[in-house]
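In this text, residue positions in the sequence shown follow UniProt numbering: the first is 1, and each later residue adds one. All remarks here apply to the structure that follows.
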Amino acid sequence: MFSYKERSTILNTLNHYSFDVLVIGGGITGAGIALDAASRGLSVALVDMQDFAAGTSSRSTKLIHGGLRYLKQFEIGLVAEVGREREIVYENAVHVTKPEWMLLPLYKKGTLGKFTTRAALTLYDRLARVRPNERRKMLNKKETLQKVPILKEDGLLGAGYYVEYKTDDARLTLEVIKKALEFKAVCINYARVNGFEYKKKKIVAANVRDEISGISITIHAHQIVNATGPWVDDVRKMDKVHNNKQVRHTKGIHIVFDQSKLPLQQAVYFETEDGRMVFAIPRGGKTYVGTTDTFYDDDPIQPVASAEDVTYLLNATRFIFPKINITEKDIESSWAGIRPLIFEKGKNPSEISRKDEIWSSPSGLVTIAGGKLTGYRQMAETIVDEIIKKHKFKHAQKSNTKFLPLSGAKGLNSINFHDFVANKAKEGEQLGISYNESKQLVEKYGTNVDDVFHFIRKGNETNLPNPLYAELLYSIYFEMALTPSDFFIRRTGYLYFDMELVKKYKDEVIEVMSNTIGYSESEKIFYQMQLEQFIDEATI
Numbered sequence: 001m002f003s004y005k006e007r008s009t010i011l012n013t014l015n016h017y018s019f020d021v022l023v024i025g026g027g028i029t030g031a032g033i034a035l036d037a038a039s040r041g042l043s044v045a046l047v048d049m050q051d052f053a054a055g056t057s058s059r060s061t062k063l064i065h066g067g068l069r070y071l072k073q074f075e076i077g078l079v080a081e082v083g084r085e086r087e088i089v090y091e092n093a094v095h096v097t098k099p100e101w102m103l104l105p106l107y108k109k110g111t112l113g114k115f116t117t118r119a120a121l122t123l124y125d126r127l128a129r130v131r132p133n134e135r136r137k138m139l140n141k142k143e144t145l146q147k148v149p150i151l152k153e154d155g156l157l158g159a160g161y162y163v164e165y166k167t168d169d170a171r172l173t174l175e176v177i178k179k180a181l182e183f184k185a186v187c188i189n190y191a192r193v194n195g196f197e198y199k200k201k202k203i204v205a206a207n208v209r210d211e212i213s214g215i216s217i218t219i220h221a222h223q224i225v226n227a228t229g230p231w232v233d234d235v236r237k238m239d240k241v242h243n244n245k246q247v248r249h250t251k252g253i254h255i256v257f258d259q260s261k262l263p264l265q266q267a268v269y270f271e272t273e274d275g276r277m278v279f280a281i282p283r284g285g286k287t288y289v290g291t292t293d294t295f296y297d298d299d300p301i302q303p304v305a306s307a308e309d310v311t312y313l314l315n316a317t318r319f320i321f322p323k324i325n326i327t328e329k330d331i332e333s334s335w336a337g338i339r340p341l342i343f344e345k346g347k348n349p350s351e352i353s354r355k356d357e358i359w360s361s362p363s364g365l366v367t368i369a370g371g372k373l374t375g376y377r378q379m380a381e382t383i384v385d386e387i388i389k390k391h392k393f394k395h396a397q398k399s400n401t402k403f404l405p406l407s408g409a410k411g412l413n414s415i416n417f418h419d420f421v422a423n424k425a426k427e428g429e430q431l432g433i434s435y436n437e438s439k440q441l442v443e444k445y446g447t448n449v450d451d452v453f454h455f456i457r458k459g460n461e462t463n464l465p466n467p468l469y470a471e472l473l474y475s476i477y478f479e480m481a482l483t484p485s486d487f488f489i490r491r492t493g494y495l496y497f498d499m500e501l502v503k504k505y506k507d508e509v510i511e512v513m514s515n516t517i518g519y520s521e522s523e524k525i526f527y528q529m530q531l532e533q534f535i536d537e538a539t540i
């Protein structure tokens, strides 16, 4: 159990125990490092100043993809690495990742021709070692329009057709953290590092403030890793010595439409009028479009979609789907995310490499920046290898995360998952919820759905629908959700993909969380205001 009730115990453990590794940052990169290190037998602590995955790791395009566009930048090694990694991520977390066929339309005046696209997709298949049943196909104009009738027809030549993998980025991060907990990692959210302690000019500890209680603690560790994404330079500035490498922030936004407004049943990866690439992806009765790629110099704590960002994506959407008359009023929600990329002088945002980079300061602080959601596991293995070598940890084992199912995926794989869902959904149906509601819970929580079903069995004295009530209690008792925003944004994604539900049940959810966790009156008011702010920012 990973509950708010454990918080004081966790803080006490962090304050009185010396760890092999302390990871600062609870996004996918930090979570991956914690899991890799803990699964090798190292003692691990992880802290995040916000909620887990509150930064970039809940604000991506929500794809585990092989980076086809990086072939245009001749980053062959990157395509090969992440292409292979996406298969591993899929097999280890089939309940939060699934194959998604992607349509790549080709036009007479576009930069992508039939020959070059066929060659690129063929190379992509080989580099990524794509399964035979998921290898690329080339479609003619008629076949392309059969897949997406609303596509722009003028100049259409046909399309490439290939597989990517769709995921829930925040839930993937949570499942990685929960798996790290199984290996005795000690992880906590809302715990801010505000300084370091040194011995002979080497970092030996981090001073941490619990943002919930205000308590300050000190966490000792042989190795401290800075995996804070957009905040890596802020953490490095707290170090006495740091080198001159810099992270450059770029912002990407996404906008969400109801399927009735943008009726897309097939994911499309299309070229815009200015030569950029944008995704349009159906998900749960909605279609989301993104992303932009612009330099960002403001505070990364809560980025929002600007009017200029929204106009750009609206124009791109109308350009590729001219038969659909959509306006800004049709946008249900939006989100914005910050990419922490390694600074490269003279390059525009889309040209900066997505490669990860690791460097150490003279004090011993290790920083990792750049990289992609898809490559999190390999990044973690690489950095932990370096830590073990540096500190000569004799008790450390070799990495086994390549074959390690995440939390919720034990015993599951791409072959048996559909049967598991069908059978388990019938169990939920017997608890008084519909088969479809039960199926959605099983698909989201995998083998952990038994704990969700437990709360349905206990009954519900609120006005919340039983499945929503069970998800809420599960998030509190098993995923350390502390605020309504934690629940609606990162535990479920409803703020982005079911805004109507959020607005309808937000007051009841706040009441349940207040009664369960024990908010003070001022905390309750603050969290109400915070959620309202997030709703306003997500609503165009």
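Idealized CB from N, CA, C, for every residue including glycine. Bear in mind the structure is a predicted one, so any value in this text is a computation, not a measurement.
{"Query": "Residue environment, residue 520, which counts as buried when at least 16 other CB atoms sit within 10 Å", "Result": "exposed"}
{"Query": "First and last residue of the uninterrupted beta strand (DSSP E) at residue 373", "Result": "Residue 373 -> no beta strand (DSSP E), and no H or E assigned at all."}
{"Query": "For residue 360, three-class secondary structure by DSSP", "Result": "strand"}
{"Query": "Per-residue DSSP class, three states only, for residue 287", "Result": "strand"}
{"Query": "Cβ pair residue 33, residue 225 closer than 8 angstroms", "Result": "yes"}
{"Query": "Own chain partners of residue 485 with C-beta closer than 7 angstroms, once the 5 adjacent residues on each side are dropped", "Result": "530, 531 and 534"}
{"Query": "Where residue 102 falls: helix, strand or coil (DSSP)", "Result": "strand"}
{"Query": "Reduced DSSP secondary structure (H/G/I, E/B, other) of residue 27", "Result": "coil"}
{"Query": "Three-state secondary structure (DSSP) of residue 169", "Result": "helix"}
{"Query": "Buried/exposed call for residue 189, threshold 16 Cβ in 10 Å", "Result": "buried"}
{"Query": "Short Cβ contact (8 angstroms threshold) for residue 204 with residue 24", "Result": "no"}
{"Query": "Cutoff 6 angstroms; reference residue 86; Cβ partners in own chain excluding five residues on either side", "Result": "64, 66, 165 and 374"}
{"Query": "Residues that DSSP places opposite residue 277 in a beta bridge", "Result": "271"}
{"Query": "C-alpha gap between residue 49 and residue 447, whole angstroms", "Result": "29 angstroms"}
{"Query": "8 angstroms Cβ shell around residue 597 - same chain, five flanking residues per side excluded", "Result": "Summary: the structure shown does not reach residue 597, with the chain confined to residues 1 through 540, and so no result is reported for it."}
{"Query": "For residue 591, the residue or residues it bridges with in DSSP", "Result": "In this structure the chain extends from 1 to 540, so residue 591 is not present and cannot be described."}
{"Query": "Cβ-Cβ distance between residue 401 and residue 39 below 8 angstroms", "Result": "yes"}
{"Query": "Check whether residue 247 and residue 233 have beta carbons under 8 angstroms apart", "Result": "yes"}
{"Query": "Nearest-angstrom Cβ-Cβ length linking residue 282 and residue 259, presumed shorter than 8 angstroms", "Result": "7 angstroms"}
{"Query": "Rounded Cβ spacing between residue 62 and residue 167 (contact assumed at less than 8 angstroms)", "Result": "6 angstroms"}
{"Query": "Residue nearest to residue 249 in terms of C-alpha spacing, selected from 138, 236 and 370", "Result": "370"}
{"Query": "Minimum Cβ-Cβ distance from residue 253 to chain D less than 8 angstroms", "Result": "In summary, chain D is missing from the structure at hand, where a single protein chain is found."}
{"Query": "Boundaries of the alpha helix (DSSP H) in which residue 238 is found, first to last residue", "Result": "232-238"}
{"Query": "Nearest to residue 51 (by Cα), restricted to the options 135, 171 and 132", "Result": "171"}
{"Query": "Pairwise C-alpha distance: residue 195 and residue 81", "Result": "35 angstroms"}
{"Query": "Same chain, Cβ closer than 7 angstroms to residue 2, neighbours up to 5 away in sequence not counted", "Result": "178, 181, 478, 479 and 480"}
{"Query": "Beta-bridge pairing of residue 369 - partner residues as DSSP gives them", "Result": "357"}
{"Query": "Beta-carbon proximity check, residue 100 vs residue 267, cutoff 8 angstroms", "Result": "yes"}
{"Query": "N- and C-terminal bounds of the alpha helix (DSSP H) containing residue 419", "Result": "417-429"}
{"Query": "Whether residue 292 touches residue 312 by CB criterion (8 angstroms)", "Result": "yes"}
{"Query": "Check whether residue 109 and residue 158 have beta carbons under 8 angstroms apart", "Result": "no"}
{"Query": "With 16 other Cβ atoms within 10 Å as the buried cut-off, status of residue 92", "Result": "buried"}
{"Query": "Inter-residue spacing [alpha-carbon to alpha-carbon] between residue 201 and residue 367", "Result": "17 angstroms"}
{"Query": "Straight-line gap, residue 154 to residue 464 (C-alpha atoms, nearest Å)", "Result": "49 angstroms"}
{"Query": "Whole-angstrom distance between residue 457 and residue 433, CA atom to CA atom", "Result": "11 angstroms"}
{"Query": "Cβ neighbour criterion (16 or more within 10 Å) applied to residue 378", "Result": "buried"}
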